[in-house]
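Participant:
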Amino acid sequence: MSTWYAMNVVLVQTTLTTLLLALSIQVPLRFGVFSFAGVGAFGIGGYGSAIAMVHLGWSTWPAVAFGAVVAGLVVFLLGLVVQRLTGLYMGMATIAFTLIVSVLAVNGGDLTGGAMGLYGALGEISVLQILLVVLLVVALLHLTELGGMGRRVDAVRDDPELANALGVDVVRYRQFSFLVSGLIGGLAGAITTLLRSTITPAEVNFHLVILALTAIVVGGSRSWVGALIGAVIFVWLPTWIGFLAEWERVAYGVIVAVAAIYLPLGVLGVAKDLWHRFRTREERARVAALAKES
Amino acid sequence: MNRGRMRTNVLAGLAVAAVFTTAACGGNDGGDNGGASGDNGDGGIAETITIAQVQDQTGPVSYAGVGAKEGAELAIEEINEEGFLGDGVTIEMEELDTGGEIERAASEMNKAMADPNVSAIIGPTQSQQAATVAPLVGRGEVPTVFTQAGSEGVVVNDWTFRATPPMESYYEPALDYLEEQGAETVSVLYNATFPTFALLGEDDVPAMAEERGLEVVQSLAVQMTTQDFAGQSQQIARENPDAVVMLLIAPQSVTAMKQLGTAGYEGQVSATSVQAAGNIAAAGDAANGLIYPVPYSTAMEAEGSVAFTEAFEEKFGKDANPYNADGYDAMWWIARAIEASGDSSREGIREGLEQVASEGYSGAMGDVTFEGNDARVPGALVRWEDGAETLVQ
Amino acid sequence: MQDVLNATTLGSIYLLFALGMALVWGTIGILNFAHGATFMFAAFIGHLVTARVELPLLGVIAVAVLVGALISVLTQLLAFQPILKRAKNRHAAELRILIAGIGVAAIPLAIAQRQTRSTPFGLRSSYSPQVYEVFGLRITTTAIIIIVLGLVIGIGMTLWLRRSRHGLALRALGVDAETSAGMGVNRTTLAFGTMAVAGGLAGLAGALLTLQLGAIAPETGDQLIIKAFAIIVLGGLGSMAGTVIGAYVLAGAETLVLVMNWGTWVDAVSFGLIFLILLARPQGLLGRKEVRRT
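Residue numbers (the numbering used here), protein chains in the order written: chain C, 98 to 391; chain Y, 248 to 640; chain X, 15 to 308.
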């Protein structure tokens with residue numbers, strides 16, 4: 098166990114940070130907002146924490162908190178500005194925001210280290226600590242999936258008019274989703290950066306958007322469990338299909354496409370389906386038996 | 248139905264938590280193991296020495312990783328055949344693919360470090376990957392020789408070494424040549440989002456030009472995503488400097504060379520070693536006369552270079568490129584290190600690498616000297632003419 | 015003046031690339047993220063063919079157009095069609111189509127990267143571009159071809175969609191697929207036809223761009239995808255005329271930044287502009303009011 102763990106500790110860390118990144122995109126999606134600002138928040142959080150550490154000499158966790166809070170605030174303000182946009186227009190505006198963050202980092206001079214990025218921001222972060230942070234985030238998000246709150250969120254996504262009629266303040270809910278997305282994305286960026294000690298502008302790009310989105314859609318877009326499944330799949334996939342060597346990337350493409358085609362609700366949907374069948378197998382058997390008798 | 252869902256979710260969460268916490272507890276002993284290594288522990292050379300090559304085997308920069316792999320394979324063949332480390336001692340190489348991604352580089356490096364059989368690592372070629380793993384190898388205490396990875400933050404501790412010189416350390420001959428040719432004005436066209444070129448274009452080239460009395464009349468920055476250079480080419484043609492220093496990635500260079508010609512610019516263009524390995528070939532005739540300094544070229548005449556060029560041609564049936572030379576020199580450096588310290592453990596190799604570095608060696612890149620753990624080479628200035636490199640005298 | 019000409023050339027390059035994507039999105043409602051890979055792979059096959067036989071300009075273009083159309087039709091057959099068949103409604107299919115496109119795109123990219131090791135590749139042709147100098151303006155034959163074709167196809171397609179019966183059928187699909195199917199529009203055939211045309215356009219763009227730029231790399235398609243997406247959204251989803259205008263607006267903005275020699279700010283300025291335009295016009299420049307696509 099311990100050799101296995103020592104060899105794969107980075108993958109475990111990456112799974113957790115990827116989960117946070119995926120959640121930062123998934124949260125607004127669950128509120129019916131097609132926003133990719135979470136990836137921009139990832140950049141802001143990463144740079145924020147690295148700047149706090151390198152330039153201000155802060156210690157690890159205050160730096161992480163600083164990055165996350167700044168990212169949360171910026172994305173919240175962005176949310177106020179773009180709240181009129183819908184659908185892909187919202188998607189484009191938030192992608193533009195993300196790319197602008199990257200350009201600002203390139204041109205930030207000594208503060209951001211320009212194209213070279215910032216080096217030497219090595220934090221003291223253990224896997225257990227990341228796990229606690231992730232559990233906290235997930236626990237809070239889990240509350241928004243339950244009971245009345247869960248139904249209100251579903252209504253805000255699927256039928257905003259109805260939600261309004263029921264007295265749910267749709268605009269307020271969606272603004273809130275920006276704040277949460279920014280905070281979580283910022284956390285993901287800050288932790289990732291301090292784990293690997295560097296951040297460069299090239300990382301905050303469209304590919305990160307694609308990674309997060311793919312993880313959610315393949316895993317399951319309605320619940321944090323789906324994001325977790327997606328994060329596990331895409332972080333560990335290279336390990337599982339590494340034997341394909343140079344054909345690995347082709348296989349990756351095929352897997353993503355097949356998942357999109359055949360798993361409408363993601364892997365989570367399939368899992369729930371199987372679970373449901375498993376739980377109802379006795380009942381179904383009884384019904385079948387009854388049907389036979391009659 | 249809602250209750251059922253909630254239960255599964257909580258269960259899944261608990262299961263995950265349990266796995267990770269147990270894992271985290273076991274982790275502390277795992278980390279310490281990293282230090283002890285080598286097959287038979289205290290001193291001595293093991294029968295089989297495993298070197299991990301953790302570089303891009305796939306993805307957009309695979310040419311550097313695959314190139315280094317070929318060079319290293321040739322080196323291993325030579326080392327094993329001539330019994331360089333003693334009778335029956337063989338070096339084996341294990342390739343781990345970083346796939347062009349930082350996270351994967353960190354993860355694969357970690358795997359290599361945690362494997363007690365791995366004695367040393369040839370580390371990532373991309374600066375950002377290398378800078379990320381550099382502190383890790385310091386912690387894990389595994390000697391790591393990087394190739395390429397020319398930025399700062401790579402050679403940062405006792406366990407990090409670099410076999411490829413950073414580009415700015417061998418760029419001077421290009422400006423010497425421009426000065427000799429009587430150039431007085433120069434334009435700089437550079438990719439400002441590519442770390443190495445940003446550094447060269449903003450600081451080093453202007454400084455080198457000033458030392459030689461060359462005036463930088465234009466400095467045009469572009470981004471990674473810039474694809475069309477018609478505008479920049481015409482700006483340069485209008486300014487008509489005596490020479491252009493072009494610091495662009497491979498596809499950009501092809502387009503810029505073609506469009507500079509179209510725009511009517513006829514001065515001397517000086518590029519970078521990115522153009523080596525046939526990367527400029529697609530520009531056809533437009534690239535004729537282009538000069539660029541390289542750490543290695545098939546045209547080089549130093550003894551070590553010639554031997555490498557011939558051996559490579561024989562083994563692979565094609566011309567060697569600088570990436571091949573990287574891998575070859577890196578692997579030989581490690582072999583020399585083991586021989587020097589007489590110890591194939593991780594600590595032994597580290598000491599050996601330092602010792603070899605203090606003496607320098609003659610390799611594919613000619614006579615290699617060192618600044619600390621960082622290689623410096625004489626380099627060569629080559630000219631691209633009809634699909635082949637010739638030395639500029 | 016020269017700068018205006020350059021901006022026009024650049025805009026026409028973007029336009030040629032974006033047209034196919036815009037056509038498919040505006041009519042059959044598919045946002046094809048494999049368009050960039052189709053473009054690249056068509057040029058790549060052209061490269062492989064011309065490395066063996068030297069072809070005239072039209073020959074090169076014919077090869078690329080055919081390959082592009084073929085890939086596009088295969089994508090539709092193997093990925094998009096099954097998704098649309100299984101999805102309950104278009105909204106549910108939208109995200110999955112996006113992800114399927116991303117998955118499909120990874121396959122040709124991986125193959126081309128493996129074959130070329132990401133070195134740039136060009137096209138060999140008996141055609142060699144001439145440089146003309148008129149009133150002090152320099153322009154190559156390739157640039158003229160690109161500008162003329164971009165404008166002719168762009169405007170032609172706009173008019174065709176507006177005036178012809180097929181165009182009407184296609185636009186009807188874009189507005190309400192079920193009703194139009196009920197009124198005798200054969201959705202499947204039209205979808206395949208549209209995808210083939212779009213793929214052909216991707217191939218055309220691939221051949222012409224490779225000739226104009228001298229060479230492209232396997233990753234070039236990825237970089238253009240995000241710009242094309244920006245152009246289509248900027249113009250207004252579903253509006254071909256908007257796409258034409260969007261392409262020139264983006265190219266104009268980028269050229270302006272270059273003329274001012276703020277090279278590293280290009281993305282910030284162009285995407286900042288898109289951001290601002292979207293704030294002022296949430297449906298893009300010429301977009302129709304969204305029926306409901308949140």
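Positions of the beta carbon are idealized from the N, C-alpha and C atoms, including for glycine.
Tell me, please, whether the CB atom of Gln470(Y) is closer than 7 Å to any CB atom in chain X?
Facilitator: As a working note, residue 470(Y) is residue 223 in the second sequence. Chain X contact via Cβ: present.
Participant: Give me the Cα-Cα distance between Trp333(C) and Leu108(C), rounded to the nearest whole angstrom.
Facilitator: On the first sequence, residue 333(C) is found 236 positions in, with the first residue counted as 1. On the first sequence, residue 108(C) is found 11 positions in, with the first residue counted as 1. About 7 Å.
Participant: Output yes if chain X places a C-beta closer than 7 Å to the C-beta of Lys316(Y); else output no.
Facilitator: Within the second sequence, the letter at position 69 stands for residue 316(Y). False, the Cβ-Cβ gap to chain X never drops below 7 Å.
Participant: For Thr193(X), list the residues DSSP reports as bridge partners.
Facilitator: On the third sequence, residue 193(X) is found 179 positions in, with the first residue counted as 1. None; Thr193(X) has no bridge partner.
Participant: Does any CB atom of chain C fall closer than 7 Å to the CB of Leu109(X)?
Facilitator: Along the third sequence, one-based indexing puts residue 109(X) at 95. Chain C contact via Cβ: present.
Participant: Does the segment 76-91 of chain X come within contact of the segment 217-227 of chain C, defined as at least 3 CB pairs closer than 8 Å?
Facilitator: Touching, no, given that fewer than three Cβ pairs across the two stretches are closer than 8 Å.
Participant: Hey, out of Leu495(Y), Gly508(Y), Ala529(Y), whose CA is closest to Ser520(Y)'s CA?
Facilitator: One-based indexing of the second sequence puts residue 520(Y) at position 273. For Ser520(Y), the nearest C-alpha among the options comes from Leu495(Y).
Participant: With DSSP as the reference, label Phe441(Y) as helix, strand or coil.
Facilitator: Taking the first residue of the second sequence as position 1, residue 441(Y) is located at position 194. It is coil, neither helix nor strand.
Participant: Using only the alpha-carbon positions, how far apart do Ser132(C) and Met189(C) sit?
Facilitator: Position 35 of the first sequence, counted from the first residue, corresponds to residue 132(C). Position 92 of the first sequence, counted from the first residue, corresponds to residue 189(C). When rounded, the distance between both Cα atoms is 8 Å.
Participant: Per the DSSP calculation, Glu636(Y) is bridged to which residue(s)?
Facilitator: By 1-based counting over the second sequence, the position of residue 636(Y) is 389. Answer is Trp631(Y), bridged to Glu636(Y).
Participant: What are the residues in the segment 268-288 of chain X lying within 7 Å of chain C by C-beta distance?
Facilitator: Within the segment 268-288 of chain X, the qualifying residues are Thr278, Trp279, Asp281, Ala282, Phe285, Gly286, Ile288.
Participant: Which parts of the segment 415-478 of chain Y are runs of the alpha helix (DSSP H), unbroken and 4 residues or longer, counting only runs that do not cross its ends?
Facilitator: The qualifying runs are 419-427, 442-446, 452-458.
Participant: In whole angstroms, what is the alpha-carbon distance linking Glu550(Y) and Pro542(Y)?
Facilitator: As a position in the second sequence, residue 550(Y) is number 303, starting the count at 1. As a position in the second sequence, residue 542(Y) is number 295, starting the count at 1. Their backbone Cα atoms lie some 15 Å apart in a straight line.
Participant: Should Glu233(X) be flagged as near chain Y, meaning a C-beta pair shorter than 7 Å?
Facilitator: Here residue 233(X) refers to the residue found at position 219 of the third sequence. Answer yes: the Cβ-Cβ gap between Glu233(X) and chain Y drops below 7 Å somewhere.
Participant: Taking a contact to mean a Cβ-Cβ separation below 7 Å, would you say Ala76(X) touches Gly136(X) in this structure?
Facilitator: For the purposes of this step, residue 76(X) is identified with residue 62 of the third sequence, where counting begins at 1. For the purposes of this step, residue 136(X) is identified with residue 122 of the third sequence, where counting begins at 1. Contact flag unset, no.
Participant: For Glu343(C) and chain Y, any beta-carbon pair shorter than 7 Å?
Facilitator: As a working note, residue 343(C) is residue 246 in the first sequence. Chain Y, which has a Cβ nearer than 7 Å to the Cβ of Glu343(C), makes this yes.
Participant: Quick check: the Cα distance between Asp614(Y) and Gly607(Y), rounded to an integer number of angstroms?
Facilitator: Looking up residue 614(Y) in the second sequence gives position 367. Looking up residue 607(Y) in the second sequence gives position 360. When rounded, the distance between both Cα atoms is 7 Å.
Participant: Going along the chain, which residues of the segment 118-136 of chain X sit with their C-beta nearer than 8 Å to a C-beta in chain Y?
Facilitator: Hits within the stretch, in order: Ala124, Gln127, Arg128, Arg131, Ser132, Thr133, Pro134, Phe135, Gly136.
Participant: According to DSSP, is Leu215(C) helix, strand or coil?
Facilitator: Start at 1 with the first residue of the first sequence, and residue 215(C) comes out as number 118. The answer is strand: DSSP assigns Leu215(C) an E or B state.
Participant: With a cut-off of 7 Å, does the C-beta of Leu219(C) fall near any C-beta of chain Y?
Facilitator: Residue mapping note: residue 219(C) aligns to position 122 of the first sequence, counting from 1. With 7 Å as the cut-off, Leu219(C) counts as an interface residue toward chain Y.
Participant: Using a Cβ-Cβ cut-off of 7 Å (strictly less than) and excluding sequence neighbours within five positions of Arg459(Y), which residues of its own chain qualify?
Facilitator: As a working note, residue 459(Y) is residue 212 in the second sequence. For Arg459(Y), where only same-chain residues beyond five positions count, the Cβ hits under 7 Å are Leu422, Glu426.
Participant: Relative to the C-alpha of Leu238(C), which residue among Tyr144(C), Thr209(C), Ile330(C), Leu117(C) is closest?
Facilitator: Along the first sequence, read from residue 1 onward, the residue named residue 238(C) stands at position 141. Answer by Cα proximity: Leu117(C).
Participant: Once the 5 residues before and after Ala348(C) are set aside, which same chain residues still bring their CB inside 8 Å of it?
Facilitator: Numbered from its first residue, the first sequence carries residue 348(C) at position 251. The answer, listed in chain order, is Ile338, Leu341.
Participant: Taking 7 Å as the CB-CB limit, is Tyr186(C) close to chain D?
Facilitator: Among the protein chains of the structure shown, namely C, Y and X, there is no chain D.
Participant: Counting only Cβ-Cβ distances shorter than 9 Å, please list the residues of the segment 514-547 of chain Y near chain X, keeping chain order.
Facilitator: Flagged, chain order: Ala524, Gly525, Asn526, Ile527, Ala528, Ala529, Ala530, Gly531, Ala533.
Participant: Determine the chain C residues that contact Phe441(Y) at a beta-carbon separation under 8 Å, and present them in chain order.
Facilitator: Counted from its first residue, the second sequence places residue 441(Y) at position 194. Under the 8 Å cutoff, chain C gives Ala212.
Participant: What residue range is occupied by the uninterrupted alpha helix (DSSP H) comprising Leu507(Y)?
Facilitator: Numbered from its first residue, the second sequence carries residue 507(Y) at position 260. 497-509 is the span of the alpha helix (DSSP H), which, as asked, contains Leu507(Y).
Participant: Give the straight-line distance between the Cα atoms of Gly214(C) and Glu328(Y), rounded to the nearest whole angstrom.
Facilitator: For the purposes of this step, residue 214(C) is taken as residue 117 along the first sequence, with counting starting at 1. For the purposes of this step, residue 328(Y) is taken as residue 81 along the second sequence, with counting starting at 1. If I take the Cα positions, the gap works out to 44 Å.
Participant: Ser121(C) and Ala147(C) look like a contact to me (Cβ under 8 Å); what is the Cβ gap, rounded to whole Å?
Facilitator: The residue labelled residue 121(C) in the question sits at position 24 within the first sequence. The residue labelled residue 147(C) in the question sits at position 50 within the first sequence. Not a contact, Cβ separation roughly 18 Å.
Participant: According to DSSP, is Phe408(Y) part of a helix, a strand, or is it coil?
Facilitator: Walking along the second sequence from the start, residue 408(Y) turns up at place 161. Here Phe408(Y) sits in strand by DSSP.
Participant: Which partner residues of Asp303(Y) appear in the DSSP bridge assignment?
Facilitator: The residue you call residue 303(Y) lines up with position 56 of the second sequence. Note: Asp303(Y) sits in no beta bridge, so no partner.
Participant: Using a C-beta to C-beta distance shorter than 8 Å, which residues of chain X count as neighbours of Thr502(Y)?
Facilitator: Position 255 of the second sequence, counted from the start, is the residue given in the question as residue 502(Y). Under the 8 Å cutoff, chain X gives Leu227, Gly228, Ala229.
Participant: When the Cα of Ser99(C) is compared with those of Ala353(Y), Gln465(Y), Pro363(Y), which residue comes out closest?
Facilitator: As a working mapping, residue 99(C) is identified with position 2 in the first sequence. Nearest C-alpha to Ser99(C): Pro363(Y).
Participant: Would you list the residues sitting across from Pro569(Y) in a DSSP beta bridge?
Facilitator: As a position in the second sequence, residue 569(Y) is number 322, starting the count at 1. Paired residues: none, contrary to the question.
Participant: List the residues that DSSP assigns as beta-bridge partners of Glu586(Y).
Facilitator: Numbered from 1 along the second sequence, position 339 holds the residue referred to as residue 586(Y). DSSP output for Glu586(Y) lists no bridge partner at all.
Participant: Mind pulling the chain X residues with CB within less than 7 Å of Leu495(Y)?
Facilitator: Along the second sequence, read from residue 1 onward, the residue named residue 495(Y) stands at position 248. Result: empty, since nearest Cβ-Cβ is about 11 Å, beyond 7 Å.
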